[in-house]
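Here the structure comes first, spelled out in structure tokens, and everything after it is commentary.
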Amino acid sequence: MARFQFRLEKYLSVKEQIEDQKELEYANALRILEEEKQKLAEFVKRKEESVERLRVSVAKSIEPFEIRRFNNNIERLKHQITVQKERVIAAEEFAEQKRSELVQAMKERKALEIVKENAREEFLIEQDRTERKQVDELTSFKHAVGEGRSEF
Numbered sequence: 008m009a010r011f012q013f014r015l016e017k018y019l020s021v022k023e024q025i026e027d028q029k030e031l032e033y034a035n036a037l038r039i040l041e042e043e044k045q046k047l048a049e050f051v052k053r054k055e056e057s058v059e060r061l062r063v064s065v066a067k068s069i070e071p072f073e074i075r076r077f078n079n080n081i082e083r084l085k086h087q088i089t090v091q092k093e094r095v096i097a098a099e100e101f102a103e104q105k106r107s108e109l110v111q112a113m114k115e116r117k118a119l120e121i122v123k124e125n126a127r128e129e130f131l132i133e134q135d136r137t138e139r140k141q142v143d144e145l146t147s148f149k150h151a152v153g154e155g156r157s158e159f
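In our numbering, the protein residues as written are 8 to 159.
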């Protein structure tokens, strides 16, 4: 029996490699997104702590330059939070782009696998036809030879 060989097997292999690469890129984008979110959470936490320290300090006696220092620190953290939110949004967009690329690569590979499976089924049907034809020919030959012997 002949062995099935898909003529686009190398192309399918390339598609699988591309999909693997896209999976890695997407995983990396998600990792970056998580890191950016953690940085944002850290800035927010630091700002809240600074505001709380300012409140505690104001309740006690505090020098005006210290209030200014607290306010400057809080304003700097607000700016860092704003910038970090933009970085989170950019990381989310990048991750979404990588996810879309992965989905597309998966669709292309899947489509090629369907073509391969259809070709395999067609091959098996053709093999079955060939085997049946050979069996029919062999049966006809045996029958013809069997009838020929009875005449002698």
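Every residue, glycine too, gets a C-beta built ideally from N, C-alpha and C.
Going by C-alpha positions, residue 64 is about 18 Å away from residue 52. Of 60, 83, 92, 23, the smallest CA-CA separation from residue 118 is found for 23. Rounded to whole angstroms, the gap between the alpha carbons of residue 148 and residue 141 is 10 Å. DSSP, reduced to helix, strand and coil, places residue 12 outside both helices and strands of the structure shown, so it counts as coil.
Less than 8 Å divides the Cβ of residue 26 from the Cβ of residue 112. A distance below 8 Å between beta-carbons, with the five flanking residues on each side excluded, links residue 92 to the following residues of its chain, in chain order: 47. Residue 55 has its alpha-carbon roughly 34 Å from the corresponding atom of residue 106. Distance from the Cα of residue 15 is smallest, within the candidate group 81, 136, 135, 125, for 125. In the displayed model, residue 96 falls within a helix according to three-state DSSP. Excluding residues up to 5 positions away in sequence, 50 lie with their Cβ nearer than 6 Å to the Cβ of residue 87 in the same chain.
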